[in-house]
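Colleague: In the order they appear, the protein sequences are chains A, B, C and D.
Position 221 of the first sequence, counted from 1, bears residue number 221 in full-length UniProt numbering, the numbering being contiguous throughout.
Position 230 of the second sequence, counted from 1, bears residue number 230 in full-length UniProt numbering, the numbering being contiguous throughout.
Position 179 of the third sequence, counted from 1, bears residue number 179 in full-length UniProt numbering, the numbering being contiguous throughout.
Position 214 of the fourth sequence, counted from 1, bears residue number 214 in full-length UniProt numbering, the numbering being contiguous throughout.
Ideal Cβ placement from N, Cα and C applies to all residues, glycine included.
Number of protein chains: 4
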Amino acid sequence: MRTYRLVIACPDRMGIVAKVSNVLSTYNGWITEANHHSDNLTGWFFMRHEIRADSLPFDLDGFRRVFAPIAEEFGMHWHINDSAVRKKVVLMASKESHCLADLLHRWHSGELDCDIVSVISNHDDLRSMVEWHGIPFYHVPVDPKDKTPAFAEVTRLIEEQQADCVVLARYMQILPPQLCQRFAHRIINIHHSFLPSFVGARPYHQAAQRGVKLIGATCHYVTEELDAGPIIEQDVARISHRQNVEDMVRLGKDVEKMVLSRGLRYHLEDRVLVHDNKTVVFS
Amino acid sequence: MRTYRLVIACPDRMGIVAKVSNVLSTYNGWITEANHHSDNLTGWFFMRHEIRADSLPFDLDGFRRVFAPIAEEFGMHWHINDSAVRKKVVLMASKESHCLADLLHRWHSGELDCDIVSVISNHDDLRSMVEWHGIPFYHVPVDPKDKTPAFAEVTRLIEEQQADCVVLARYMQILPPQLCQRFAHRIINIHHSFLPSFVGARPYHQAAQRGVKLIGATCHYVTEELDAGPIIEQDVARISHRQNVEDMVRLGKDVEKMVLSRGLRYHLEDRVLVHDNKTVVFS
Amino acid sequence: MRTYRLVIACPDRMGIVAKVSNVLSTYNGWITEANHHSDNLTGWFFMRHEIRADSLPFDLDGFRRVFAPIAEEFGMHWHINDSAVRKKVVLMASKESHCLADLLHRWHSGELDCDIVSVISNHDDLRSMVEWHGIPFYHVPVDPKDKTPAFAEVTRLIEEQQADCVVLARYMQILPPQLCQRFAHRIINIHHSFLPSFVGARPYHQAAQRGVKLIGATCHYVTEELDAGPIIEQDVARISHRQNVEDMVRLGKDVEKMVLSRGLRYHLEDRVLVHDNKTVVFS
Amino acid sequence: MRTYRLVIACPDRMGIVAKVSNVLSTYNGWITEANHHSDNLTGWFFMRHEIRADSLPFDLDGFRRVFAPIAEEFGMHWHINDSAVRKKVVLMASKESHCLADLLHRWHSGELDCDIVSVISNHDDLRSMVEWHGIPFYHVPVDPKDKTPAFAEVTRLIEEQQADCVVLARYMQILPPQLCQRFAHRIINIHHSFLPSFVGARPYHQAAQRGVKLIGATCHYVTEELDAGPIIEQDVARISHRQNVEDMVRLGKDVEKMVLSRGLRYHLEDRVLVHDNKTVVFS
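1) If I follow the unbroken alpha helix (DSSP H) through C:Ala150, where does it start and stop?
2) Does the structure place the region 49-57 of chain C close enough to the region 25-33 of chain C that three or more beta carbon pairs sit under 8 Å?
3) From D:Phe282, D:Ile232, D:Ala150 and D:Arg250, pick the residue whose C-alpha is nearest to that of D:Leu264; which is it?
4) Closer than 7 Å between beta carbons: that is the criterion. Which residues of the region 189-223 of chain D meet it against chain A?
5) Can you list the residues of chain B that D:Ser109 reaches, using a CB-CB cut of under 7 Å?
6) Leaving out five residues before and five after B:Gln161 in sequence, what residues of the same chain have Cβ atoms less than 8 Å from its Cβ?
7) Return the Cβ separation of B:Gly216 and B:Val236 in integer angstroms, given the expectation that the two are a contact with Cβ distance under 8 Å.
8) Tell me whether the beta-carbon of B:Ile80 lies closer than 8 Å to the beta-carbon of B:Leu60.
9) For C:Ser261, count neighbouring C-beta atoms within 10 Å of its own C-beta (all shown protein chains included) and say buried if the count is 16 or more, exposed if not.
10) What are the residues that DSSP puts in a beta bridge with C:Ile215?
11) Taking Cβ positions only, does B:Trp30 come closer than 8 Å to chain D?
12) Is any beta-carbon of chain A found at less than 8 Å from that of D:Pro11?
13) Rounded to whole angstroms, what is the Cα-Cα separation between B:Arg156 and B:Pro144?
14) Closest to A:Lys213 by CA distance: which of A:Met14, A:Val66 and A:Gly252 is it?
15) Considering D:Pro11, what are the terminal residues of the beta strand (DSSP E) in which it resides?
16) If you measure from the beta carbon of C:Thr279 to each beta carbon in chain B, is any gap under 8 Å?
17) In chain B, which residues lie less than 7 Å from residue 284 of chain A when you measure between Cβ atoms?
18) Tell me whether B:Asn22 sits in a helix, a strand or coil according to DSSP, three-state version.
19) What runs of the beta strand (DSSP E), each 3 residues or longer, lie entirely inside the region 72-153 of chain D?
20) Please report whether the beta-carbon of D:Pro230 lies at a distance below 8 Å from any beta-carbon of chain A.
21) Would you please state the rounded distance, in angstroms, between the beta carbons of C:Thr279 and B:His241? I believe it to be under 8 Å.
22) Taking C-beta pairs closer than 8 Å, name the residues in chain B that A:Ser38 reaches, listed in chain order.
23) Which whole-angstrom value describes the C-beta separation of D:Met92 and D:Ala169, a residue pair presumed to lie in contact below a C-beta threshold of 8 Å?
24) According to DSSP, is C:Ser261 part of a helix, a strand, or is it coil?
25) Is it buried or exposed for A:Met248, if we count other Cβ within 10 angstroms and need 16 for buried?
26) Tell me C:Phe46's beta-bridge partners as DSSP assigns them.
27) Whole-angstrom Cβ separation of C:Gly15 and D:Ser25, contact assumed at under 8 Å?
28) Tell me which residues share the same chain as B:Gln234 and place their Cβ nearer than 8 Å to its Cβ, disregarding the 5 neighbours each side in the sequence.
29) Relative to the alpha-carbon of D:Glu224, which residue among D:Ile120, D:Ala18, D:Ala208 and D:Phe183 has its alpha-carbon at the smallest distance?
30) For B:Trp132 and B:Arg86, what's the separation of their Cα atoms in angstroms?
31) So which of A:His191, A:Asp146, A:Ala201 and A:Ala71 has the shortest CA-CA distance to A:Pro176?
32) Using the C-alpha atoms, what's the distance from C:Val222 back to C:Ile8?
33) Among residues of its own chain, excluding the 5 on either side of D:Ile187, which ones have a beta-carbon nearer than 6 Å to its beta-carbon?
34) With a threshold of 16 other CB atoms inside 10 Å of the CB of B:Phe58, please say whether the residue is buried or exposed.
35) Going along chain B, which residues have a C-beta under 9 Å from D:Ala169?
This is the structure we're talking about:
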C-alpha cells in the first residue's frame with residue numbers, strides 16, 4: 001500500500017497534534033500509523049505519520065503547499081516522503097562479504113524497499129557476487145599514502161548516482177570530514193562493537209583483551225568523529241571463555257548483519273529522527 | 001507528575017485522532033504520551049493518551065461530560081483514569097515466594113504504583129513476609145473435596161476490599177468460572193511456560209520431557225479456559241541438556257518474576273487494551 | 001587445525017573418563033576440547049573429545065582398533081570423525097530463499113565446514129542462485145496427487161551423492177516415513193515456530209491468532225511424527241500488536257536462518273548426541 | 001547431594017586429564033560434573049570437577065595429601081572445596097535496596113547456598129529489612145573528609161566474621177586499595193553499565209547522553225583500578241528514545257539484580273577461575 005510519510009521535529013508546545021491531525025482530517029487523510037514523542041530533556045517534539053496516498057486529494061507538492069504555513073507556525077523541521085519513491089542507496093564494502101551479501105539478499109528477495117544503485121569497494125573481491133544481482137560494481141582502490149583521489153572518485157560516484165543514502169557495509173576505511181558533512185545523517189555505518197566500548201580498530205581483539213561476556217554491534221550515522229555519530233540500533237551476543245577472537249569474529253558477523261539491516265530499514269522507512277547527537281527511532 | 005490516562009478502542013474510521021486531539025487541544029490539554037494502533041485484521045482502532053492533569057480546566061467527571069458525545073459518535077469503548085488514584089490490588093499466592101516477594105519489594109521501594117490491599121493465600125507460610133510489609137494477610141485454605149467455601153470467601157474478600165485488580169502470583173489453584181467472569185480482564189496470572197506450549201500442571205516437567213532449548217513464562221488475563229486468556233507479556237531463558245528440572249524451576253523463577261511484574265505494570269498504567277482474545281500493549 | 005572428534009554415549013558408571021583419557025594419554029593424544037555430561041534421569045553418560053590428529057601415532061582405523069575393546073567394555077555407542085573429512089550435505093528448498101541463501105553464503109565464505117553436494121527443490125525458482133555458487137541444482141517437482149515418484153527420485157539423488165546429512169531449508173513438503181527412518185538423525189529441519197507451539201502449517205498465522213508476544217524457530221531432526229523430532233536449537237524474537245502476519249514472517253526469517261545455521265554447525269562438528277527424543281549439544 | 005569441587009589451573013601440557021581422572025578413578029570418585037578449558041592464547045589449562053563426597057574413601061585433607069604430588073608435578077594452582085561447607089558472605093549496601101533485597105530473598109528461600117553473616121552499610125535505611133531476615137546489620141557511616149576510620153572498621157568486621165566473600169550490592173563507595181588487595185578475587189561488585197562503557201559515576205546518565213539502545217550491568221571482582229577488575233557476568237536490556245534516565249534506572253535495576261545474583265552463584269559454586277584479568281566461568 002502506497003503511503004506518504006510525514007516526519008516532524010519541532011519545539012514542544014500545546015496543540016501540535018491537534019493542528020496536524022486536523023489538516024490530515026480536513027483532507028480525509030487515512031492515517032495507517034502514527035508515532036509521537038515528547039523529549040522532556042530537550043523540550044522537543046517528534047512525530048511521524050504514515051498516510052494512505054490514495055486517501056489524499058493531492059500529491060506531495062500539494063501537501064507541501066497546504067502544510068507549509070503550519071510548519072512555519074510551529075518552527076518545524078519536517079519532510080514528507082512517498083513510499084513509492086524508493087531511496088537510492090550506494091553500498092560500500094571492502095573484502096568481508098557478510099554484511100554486503102545479507103543486504104543484497106534482502107534487497108533481492110524484496111525485503112528491503114530501496115534501489116541499490118551501485119556497490120563501491122576498495123577491493124575487487126566481491127565483484128562477481130554484486131554483479132550476479134545485476135548491480136554495478138565500482139572498484140576504487142585507496143592508496144594509503146594519498147587517499148584524496150580515491151575519495152574524490154567516491155564522492156563523484158555518489159553524486160553522479162544521486163544517492164539518497166550511503167551504507168558502509170564493513171568498508172574499513174575512514175571517510176574524510178568533507179564527505180561526512182556533505183552527506184550528514186545519510187551515511188550509515190556498522191561498527192563491530194557495542195559502542196561506546198571499543199572504538200576504532202580491531203574491536204573484537206579489544207573485547208577479548210578485556211574479557212567481556214557479551215559482544216555487540218552498532219549501526220550509526222557517520223560523523224567526523226570516529227564511531228561517535230548518532231546511534232540507530234545496537235545488539236549483542238553472548239560469549240564465554242570458550243570463544244577466542246576468531247569465534248567472536250564469526251559470532252559477531254551475525255550481530256552485525258542483523259543490526260545493520262534493521263538500522264537501514266528504519267532509515268529507508270523514514271523512522272529515524274536525529275536530534276543533537278541522538279536518534280528517535282519510531283520502529 | 002499527575003496525569004489522566006485516556007484509553008479508547010473503537011471501529012477504525014477517518015477523523016478519530018483529529019476529533020480526540022481537537023478536544024484535548026480546545027481545553028489546552030498537555031499530552032505527555034500518545035499511542036495509536038490500527039488493527040487491519042479486525043478493523044479496530046486503539047488509542048491511549050496521557051494528559052497532564054493540571055493542564056485541563058476540569059476533573060475526571062468534567063472530562064467525561066465533555067467527551068461523552070464524541071465517544072458515542074464513534075462507538076468507543078473507553079475509560080479515563082487518574083494516575084493519582086492508585087489501583088487497589090489483591091495478591092494471591094500459595095507457598096512459592098519468588099513472585100510475591102518480588103512484587104512486594106517493587107511496591108515497597110515505590111516502583112509499583114498501586115495499593116496492595118491484601119494478600120490471600122491457601123497456605124499460611126508467607127504470612128510473616130507479607131506482614132513485615134504492613135499488608136494484611138488472609139489465610140483461606142482450599143479443601144480439595146469442596147472448594148466452594150474457599151472461593152466464596154476469596155470473592156467476599158476481593159469485593160469487600162474493592163479490589164481493582166487481582167494478581168495470581170503463583171497461586172496454584174484454578175479459579176471458578178464465576179470469579180473469572182466477574183473480574184474479567186482484571187485477574188492477572190503468571191503461567192510458568194511459554195504459552196501455548198505446556199498448558200496446565202508441571203510445565204517445567206513437560207519442557208524437560210520435550211527437550212526444548214528455551215523455557216518461558218507468560219503473563220495473561222485469566223479466563224474460564226485454563227491458560228488460554230489474552231496474553232500480556234512473555235519472555236524466555238536459555239537452557240541446555242545440563243539443566244535438569246530443578247535447574248529449570250530455579251531459572252524459570254527469574255523469568256516469571258520479570259514477566260509478571262512487567263505485565264502488572266502495564267495493567268496498572270492502563271497500557272493494556274483487550275480485544276477479542278488478544279491484547280494491545282502500549283508499553 | 002585438523003582434529004579427530006571422538007563422540008561417546010553409554011550407561012554411566014565409574015571410571016569411564018579415566019579409561020578414555022588414559023588411552024588418549026598413552027598415545028600422547030593432545031585434547032583441544034573435552035565435554036562430559038551425566039544425565040541423572042536416564043543414567044546415561046555423554047562425552048566428546050577433540051584431539052589433534054597430528055598428536056596421535058595412527059589414523060582413524062588405528063584408533064578404532066585400539067579403542068574397540070574399551071567401547072565394548074562400557075557398552076558405548078560411539079564414533080570418531082576426522083575434521084578434515086568434510087561431511088557431504090544435500091540442501092532441500094522450495095521457493096523461499098532466505099535459509100538457502102544464508103547457508104550458501106556461510107558455506108561460500110568458509111564459515112560452514114562441509115561440502116554442499118547439491119540442492120534439490122520442488123520448484124525451479126532458486127536455480128540461478130544455487131548455480132552461481134557452483135553447486136548442482138536438481139528440480140524434482142512433487143505431484144500432490146502422487147508424491148511417490150518424487151520422493152523416490154529424491155532418495156535416489158541423496159544416495160547417489162552419498163550425503164551424510166540432508167538439510168530441509170524451508171522445503172515445505174513432508175518427507176515419507178521410510179526416508180525419515182533411513183536417514184534417522186541425519187535430516188535436519190527448520191520449523192518456523194517455537195516448538196511444541198504451533199506444529200504444522202502456517203505457524204505464524206497460528207501465532208497471530210493466539211496473540212503471543214514472541215515468535216520463534218526450531219531446528220530439529222526429522223522423525224516420522226511431524227515436528228516432533230529431537231530439538232537441536234531454538235530461538236525467539238519479540239513482537240507486539242504492531243506486527244501483523246507479514247511482519248512476523250519477515251522477522252521470523254531472521255530467527256529461522258540463525259537457528260538453522262547454528263543447528264547445522266553443531267551437527268557438522270559432531271556436537272549433537274541424540275538420546276531417546278532429546279539432544280545433548282556440546283556447543 | 002554433597003560434593004567436593006576440585007578446581008585447577010596450570011600450564012597446559014599432555015596428560016593432565018588422564019592423571020587427574022586416574023586419581024579420581026583409583027579411589028572410586030564419582031564425577032557428577034566435569035569441565036575443561038584450554039586457553040590457546042595463554043597456554044593455560046583450566047579444570048573443574050564435582051565429585052560425590054560419599055564416593056571417596058577420605059575427607060578433604062585426605063584428598064589433599066593424595067593430590068599434592070600431582071599438583072606439584074604439573075605446577076597447578078588448585079583448591080578443593082566441600083559443598084557442605086557454606087561460604088561466609090558479607091553483603092555491603094548503601095540506600096538502594098533492589099540488589100540487597102534480591103540476594104536476601106534468594107538466600108532466604110534456599111536458592112543461594114551460603115551463609116550471609118552480616119550486612120554492612122554506610123546508611124541505616126535498610127536495617128529493618130535485613131534484620132527481618134535474622135541477619136546482623138552494621139551501620140558504618142563513611143565520613144567523606146576522612147574515610148580511613150570507616151574502612152578500618154569495615155575491614156575489622158570482615159575479618160572478625162571470617163568472610164570468604166564480600167559482595168558490594170550497590171555499595172556506592174570506592175574501597176581503599178589495601179582492602180582490594182587483601183581480599184583479591186573475593187570482593188564482588190555490580191556496576192550498573194555494560195563495562196568497559198561508562199566507567200565511574202552515574203553510568204545511566206552517561207548512557208542517556210550517548211544515546212545507546214541497550215543498557216547493561218557488569219558483575220566483576222574488585223581490583224584497585226575502578227571498574228576494571230575481571231568480569232564474571234554481564235547482561236543488557238533494550239531501551240529506546242522513550243526511556244529517560246529514571247526509566248533506565250528502573251529497567252537497569254532488574255539487569256543488575258540478575259547479573260549480580262548469577263555472578264555470585266558462580267563464585268559460591270567455585271565456578272569462576274581468574275587468570276590475568278579475565279575469568280573462566282564453568283557455568
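Modeller: Quick answer:
1) Residues Thr148 to Glu160.
2) Verdict: yes, contact present.
3) The residue with the shortest Cα to Cα distance from D:Leu264 is D:Ile232.
4) Result list: Phe194, Pro196, Ser197, Arg210, Gly211, Val212, Lys213 and Leu214.
5) Those within 7 Å of D:Ser109 in chain B are Ser97 and His98.
6) Lys88, Val90, Val117 and Ser118, listed in sequence order.
7) Correct: roughly 4 Å between the Cβ atoms.
8) Result yes, Cβ atoms of B:Ile80 and B:Leu60 sit closer than 8 Å.
9) Classification of C:Ser261: buried, given that the 10 Å Cβ count is 16 or more.
10) Partner(s): C:Ala237.
11) False, the Cβ-Cβ gap to chain D never drops below 8 Å.
12) No, D:Pro11 lies away from the interface with chain A (no Cβ there is under 8 Å from its Cβ).
13) Rounded to the nearest angstrom, the two C-alpha atoms are 19 Å apart.
14) Comparing alpha-carbon positions, the option among A:Met14, A:Val66 and A:Gly252 lying closest to A:Lys213 turns out to be A:Gly252.
15) For D:Pro11, the enclosing beta strand (DSSP E) stretches over residues Thr3 to Pro11.
16) For C:Thr279, the answer is yes, since a Cβ of chain B falls inside 8 Å of its Cβ.
17) No statement about residue 284 of chain A is possible, as the shown extent of chain A runs from 1 to 283 and does not include it.
18) Here B:Asn22 sits in helix by DSSP.
19) The beta strand (DSSP E) runs of length 3 or more contained entirely in the region 72-153 of chain D are, from start to end of the chain, 77-82, 87-93, 114-121 and 137-139.
20) With 8 Å as the cut-off, D:Pro230 counts as an interface residue toward chain A.
21) Between B:His241 and C:Thr279 the Cβ distance is about 7 Å, and since that is below 8 Å, they are a contact.
22) Those are Ile31, Thr32 and Glu33, listed as they occur along chain B.
23) With a contact defined as Cβ atoms closer than 8 Å, D:Met92 and D:Ala169 qualify at about 7 Å.
24) Looking at C:Ser261 - three-state DSSP - the assignment turns out to be helix.
25) Buried is the call here.
26) Under DSSP, C:Phe46 takes part in a beta bridge, and its partners are C:Ala9 and C:His37.
27) Between C:Gly15 and D:Ser25 a beta carbon distance of about 5 Å is seen, short of the 8 Å cut, so the two are scored as contacting.
28) Cβ within range, chain order: Phe194, Leu195, Gly216, Ala217, Thr218, Cys219 and Val259.
29) Of D:Ile120, D:Ala18, D:Ala208 and D:Phe183, the residue nearest in Cα terms is D:Phe183.
30) Between the alpha carbons of B:Trp132 and B:Arg86 lies a gap of roughly 21 Å.
31) The shortest Cα separation from A:Pro176 among A:His191, A:Asp146, A:Ala201 and A:Ala71 belongs to A:Asp146.
32) Taking the straight line from one Cα to the other gives about 22 Å.
33) In its chain, beyond the 5 residues on either side, Val166 and Val222 have a beta carbon closer than 6 Å to the beta carbon of D:Ile187.
34) Burial check for B:Phe58: the Cβ neighbour count within 10 Å stays below 16, so the residue is exposed.
35) Going along chain B, no residue has its Cβ under 9 Å from D:Ala169, so there is no contact; the nearest lies around 13 Å.
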